[in-house]
Amino acid sequence: MSMLTKSMICLRVIVSIQCFGAAGKYLVSAREQESSLYGLLFFDWGWDESTAQSLDDTGAGLCLVAAILFGLTACFNLLGNRRASEGLPPRWLTWLEFPILIFVAGWFLTLAWAEMMRGGAYTEWAIAEQAVRFMVPLALAIGLLVREPVHSKRFSRTIAWMLQISVAATFAVHGWKAIAGYGPFVDLILLSDSLPWVSNMSQAFAERLLWGIGWIDIALAALIVGVRWRWVALYMAFWGFLTVTSRVVALGLVAWPESLIRIAMGGAPLGLFFLFQRLRRVKMTESESSSEVCEESGV
Amino acid sequence: MNKFRLQSAVFVAVIVTMLVLMAGLTGGVAQALSGSTSQAEVSEPLHLRVIWTEDPATKARISWSTEGRPAQTFLKLIGPDAKERKLVPQSGLFEGSDPELYYHHVDVRDLQPGTPYKFEVICDGKKSARLYFVTAPGRDVPFSLLHGGDSRTDHANRRKVNQMMADLVTKSYQNEDPADNIIALAHGGDFVNNGDNLGQWKAWLSDHQLTIGPDGRVLPVIPTRGNHDQSELFNQVFGFPPKDKNYYAINLNPVVRWVTLNTEISTAGDQAKWLGKELKASRPKHRWLVAQYHRPAYPAVKTPGTALQSWVPVFEKHDVDLVCEADGHNIKRTVPIRGNVQDATGVVYIGEGGLGVAQRTPKTDRWYLQPPGMASSASHVFQLTFHSDRLETRCICLDGTIADQFELQPRKIEKVQAFFVSGDPQYLAENAAEPTKLDPYSAEANQRFLELLKKMPGKSIPETQGGGSVSKQIKGMVVTGDLIDSADKSGGNYLQMQRFEWDRYKKDYGLTGEEDGLPYPVYELHGNHDGPQGDTFIVEDIIARNKTRPGLVNVSENGLHYSWDWGPLHLVCLGIFVGAGDERREEFHYAPRQSLEFLKEDLAQEVGDSGRPVILAFHLHPHGPEFDWPPEDLQAFGELAKSYNVIGMFHGHTHGSPPSRLQWRDGKFGGDLSGGIDLFNPDDSGAAKTDSKQPDQPVGIRHGFLYVEVRDRPGTERDEWVVRSIYTDDNWATHAWGQTWTKAIQIPRNHHP
Chain A
1 MSMLTKSMIC LRVIVSIQCF GAAGKYLVSA REQESSLYGL LFFDWGWDES
51 TAQSLDDTGA GLCLVAAILF GLTACFNLLG NRRASEGLPP RWLTWLEFPI
101 LIFVAGWFLT LAWAEMMRGG AYTEWAIAEQ AVRFMVPLAL AIGLLVREPV
151 HSKRFSRTIA WMLQISVAAT FAVHGWKAIA GYGPFVDLIL LSDSLPWVSN
201 MSQAFAERLL WGIGWIDIAL AALIVGVRWR WVALYMAFWG FLTVTSRVVA
251 LGLVAWPESL IRIAMGGAPL GLFFLFQRLR RVKMTESESS SEVCEESGV
Chain B
1001 MNKFRLQSAV FVAVIVTMLV LMAGLTGGVA QALSGSTSQA EVSEPLHLRV
1051 IWTEDPATKA RISWSTEGRP AQTFLKLIGP DAKERKLVPQ SGLFEGSDPE
1101 LYYHHVDVRD LQPGTPYKFE VICDGKKSAR LYFVTAPGRD VPFSLLHGGD
1151 SRTDHANRRK VNQMMADLVT KSYQNEDPAD NIIALAHGGD FVNNGDNLGQ
1201 WKAWLSDHQL TIGPDGRVLP VIPTRGNHDQ SELFNQVFGF PPKDKNYYAI
1251 NLNPVVRWVT LNTEISTAGD QAKWLGKELK ASRPKHRWLV AQYHRPAYPA
1301 VKTPGTALQS WVPVFEKHDV DLVCEADGHN IKRTVPIRGN VQDATGVVYI
1351 GEGGLGVAQR TPKTDRWYLQ PPGMASSASH VFQLTFHSDR LETRCICLDG
1401 TIADQFELQP RKIEKVQAFF VSGDPQYLAE NAAEPTKLDP YSAEANQRFL
1451 ELLKKMPGKS IPETQGGGSV SKQIKGMVVT GDLIDSADKS GGNYLQMQRF
1501 EWDRYKKDYG LTGEEDGLPY PVYELHGNHD GPQGDTFIVE DIIARNKTRP
1551 GLVNVSENGL HYSWDWGPLH LVCLGIFVGA GDERREEFHY APRQSLEFLK
1601 EDLAQEVGDS GRPVILAFHL HPHGPEFDWP PEDLQAFGEL AKSYNVIGMF
1651 HGHTHGSPPS RLQWRDGKFG GDLSGGIDLF NPDDSGAAKT DSKQPDQPVG
1701 IRHGFLYVEV RDRPGTERDE WVVRSIYTDD NWATHAWGQT WTKAIQIPRN
1751 HHP
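Chains as they are written, first to last, in the working numbering: chain A, 1 to 299; chain B, 1001 to 1753.
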């Protein structure tokens, strides 16, 4: 299985989980609530509540459809379909997946934008903070356009850049909020007191810890854009998944939608890791080829 | 080429110079304009408001705004003495002001509780209207408070709700019922939609003026920060210090504690610790404990905030009575919740904001909104009415309808002083020169009785007697005399019998609770069978025991009478009866041993005018024969008792079965004399013996004793004492609960003289 394929499977799984989280948060879980879009339409723009609610439910419902679809296609890839193993899903599936991915990307972008419009602490950065949520489906949509292996390098680079920028944006905003001692982040640490190293931790210590974490996040954001080290991507994936897990650790299993909807924070850097691997191999192959050419030509 | 470069350089220099000049001119003009604005166009005082964030009985923050910086502005405060106080504010420029808007805050201190204060604001000669506010009550009196949240987007309804609140306040003072008098508005946060938009704050502040009554009464605000109130403007509007954490607690009267929390910062860290300390300290002192904050723990629409993890366990641990939430934009009342399930002892949560915001449709399928909980949606405000025996909550909608109403009973947060009272164990030895045992029926009665006493702590009390269980922290045992049987006799074997009986009493009962006897201290007095003239070795031994009896605070000069405290209670043991002089007077039976003199001195010294409750114990019944208790002594005793908060008396002597209560008022004794002092006969606990006429038969096998609880509840109006009798008809082979007497009493908060 090629690294591009691994990357595409990774992104499919991430989109599926993220969409399932969104459906849980806004439609099906015991604690389902309305999205920021509902809030914007109903409270700030004065739309009729039922219209806002219908729109909200439709978006969440389509997310549920997307979750199922991309879950299935990821399985389809993993089961070893020959074309899929080359990163090339059946054409008919592409036609189905592509518009849904565009919708998913648009939906999450809209939610982030609505959150920004509604105001609140740090919401002016909501689009940057949630960039991975809409850039991952967008990157996957771009990936679906790869029909010929000859194009895959160019697409890989494009997808990598999309993921790099979105991961950097998300980590940078998280880092900034952590440095500022953002209350909910402090609580995520302090409420994880089931973990032995957290129990009896003071707020001051948690805030100092967050300060350090924040600067590391910002440094990682810079590195992922600047140097493209695959190990940086892998560490960011690890850290992203850890922060995703912190929701259920701190708030209980009932907070599962909050974790799932954030899955791209770990998933996007993991996809990047596979892409960096691929680009590295391509580069190695190219340099080997060029040296062979040089030798043959006697340069 | 050089010419071209020179021309270019000149051109750039000219442009730069022009730009610099333009910028300077623009700035100068702007500055000049700005200066002229602040000098010439200072507005009249705007946005007058009163804010409660510290002890509202004696302090208040009075704030106002001005457009432009006034050269001079001050507050004129007129108190009940009609004297004017001129107070200069702390002023500053609101963040993001354009045009300039200044805030002015005066923290007024040393106010009198429950008192109206008139005030007006002067800005460069311009006067505001003369308004007034009333400080929070300093006494335990009923009152009402408004609570609501979310006034941020629906401006039309916000103005209507503000007008409605002003009407509610005005009407509440137009009747004689003090309970509905509204003293303040607790705002649950989200005052405005965009917390860093000063224009929105200005609109809110202007609309808030609608809460001022037609008579100029200002409704004080107790503010909470909401998620839309994110910026320093919140602190500037309400006079909090910069970067303040915005959580605090205030007394709305001495027994109502109002705790305001901030969901917009860390809930789990320092704030949760502060909350724990605050509730631990305030729960025992307050009848009502209410918390308010913005983001709900049990939302009717959204997902729970971290308050669910951070604060709900603390609320439950310290038995908070009511929690007021906001943010969800609907009306809700939860079922009482403890441990995340419905529990009658749990905490009720209400909310969630309707002071001027579009209302969401609540998710009524959530378990905690099922009856008796509820959820609906409408613009609304809650009116909380704090009575001494209940907390009434009404959710009043903008159209005047009542969306929900319910009552909470005060929690039984109380300190209980629990003890036993018995009398006349009357230990009787066999009639022998060297007694080795008690009379078999006396032995049986006293042995069984003491075994029962040891098993009583924690024992269930039947529902018919009020339910619950006997306290496991028994303070002690009061024994009202006739400890033994034989010390009123002389000659024959009596001296040996007396010694045997007394030794047995001391061994069985113990003294401090540390010996092998009863597991708590014993407070006995002498009866006629222990020495009618108070001169036997038993009386001497009681005097000796008084030297090590636990907790005594006062002992008579002769060492016989004594007093001690159990919490707020003051108890006095007075020997055989309460009378003046040391010895028996002509025509009377018993020697009082100066018990009346001691009582006078003791009450004056240990009780004074504190109003603390007093309990007295002696042996004879005051309604007995005159030759037992001289009438002049009884009258003097009655007069003395009337001068203090004597809640009850216990006597012995009569063996009247079962235990009973009389009341004593104005020299009369009766079963139900309203306002009289309770007088209890605990019956005898062990005065059984072999019938001298039928040696195989016992006499006096009916006995009894009393279990007493004095309940000191937060506040002063719900304190009570409960006396229950336990009796037997078969020499304590079996026993049963008899009667329960309950009476309201008053225990002052500061009960020491």
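Note that CB positions come from ideal geometry on N, CA and C, so glycine has one too. Remember, predicted model here, so these are calculated numbers, not experimental data.
Min CB distance Lys1302 (chain B) to chain A below 8 Å: yes
N- and C-terminal bounds of the alpha helix (DSSP H) containing Tyr38 (chain A): 36-39
Cβ neighbours of Gln130 (chain A) in the same chain (closer than 6 Å, five flanking residues each side left out): Ala112
For Trp47 (chain A), the first and last residue of its enclosing alpha helix (DSSP H): Taken as a continuous stretch (DSSP letters only), Trp47 (chain A) belongs to no alpha helix (DSSP H), as it is neither H nor E.
C-alpha distance - Asp1602 (chain B) paired with Lys1459 (chain B), whole-angstrom precision: 35 Å
Proximity of Pro1296 (chain B) and Gly1351 (chain B) at Cβ, strictly below 8 Å: yes
Start-to-end residues for the alpha helix (DSSP H) that takes in Phe241 (chain A): 230-251
CB contact check: Gly1339 (chain B) to chain A, cutoff 8 Å: no
Option nearest Leu1322 (chain B) by Cα separation, candidates B:Ala1418, B:Arg1333, B:Ile1615: B:Arg1333
Residues in the segment 1596-1609 of chain B having any Cβ partner in chain A nearer than 7 Å: none
Cutoff 8 Å: Glu1264 (chain B) Cβ touching any chain A Cβ: yes
For Ala1591 (chain B) and Glu1583 (chain B), the rounded distance between their alpha carbons: 4 Å
Neighbourhood of Ile102 (chain A) by C-beta distance below 7 Å, restricted to the same chain and skipping five residues each side: Ala141
Under 9 Å (Cβ pairs) to chain B, residues found in the segment 43-66 of chain A: Phe43, Asp44, Gly46, Glu49, Ser50, Gln53
Residue burial classification, Met8 (chain A) (beta-carbon count within 10 angstroms, cutoff 16): buried
Rounded C-alpha distance that separates Leu1408 (chain B) from Phe98 (chain A): 58 Å
Rounded Cβ spacing between Leu1518 (chain B) and Trp1732 (chain B) (contact assumed at less than 8 Å): No, Leu1518 (chain B) and Trp1732 (chain B) are not in contact; Cβ-Cβ is about 15 Å, not under 8 Å.
Distance, Gly1670 (chain B) Cα to Asp1508 (chain B) Cα: 36 Å
Exposure label - Glu1597 (chain B); buried when at least 16 CB within 10 Å: buried
DSSP beta-bridge partners of Glu1067 (chain B): B:Leu1101
Limits of the alpha helix (DSSP H) - the one that Phe1500 (chain B) falls within: 1494-1509
Under the three-state DSSP convention, the category Gly106 (chain A) falls into: helix
8 Å Cβ cutoff, Arg278 (chain A) in contact with chain B: no
CB contact check: Gly1704 (chain B) to chain A, cutoff 8 Å: no
Given Ala168 (chain A) as reference, the closest of A:Ala233, A:Met201, A:Arg157 once Cα atoms are compared: A:Ala233
Gly1351 (chain B) in three-state terms, based on DSSP: strand
Neighbourhood of Arg1061 (chain B) by C-beta, 6 Å cutoff - its chain only, sequence neighbours within 5 removed: Ile1051, His1105, Asp1107, Gly1239
Short-range partners of chain B found in the segment 23-37 of chain A, where Cβ spacing is below 9 Å: Lys25, Ser29, Ala30, Arg31, Glu32, Gln33, Glu34
is_contact[Gln203 (chain A), chain B] using C-beta, thresh 8 Å: yes
Cβ shell of Thr94 (chain A) (< 6 Å), same chain only, five flanking positions each side left out: Leu144
Pairwise C-alpha distance: Tyr1132 (chain B) and Pro1045 (chain B): 15 Å
Nearest residue (CA-CA) to Ala1445 (chain B), options B:Ile1078, B:Lys1689, B:Ile1183: B:Lys1689
Closer than 8 Å to chain A by CB, Thr1153 (chain B): yes
Proximity of Gln1342 (chain B) and Val1710 (chain B) at Cβ, strictly below 8 Å: no
Local Cβ density within 10 Å of Phe1627 (chain B), reported as buried at 16 or more and exposed below that: exposed
Cα-Cα separation between Ala1604 (chain B) and Glu1586 (chain B), rounded to whole angstroms: 30 Å
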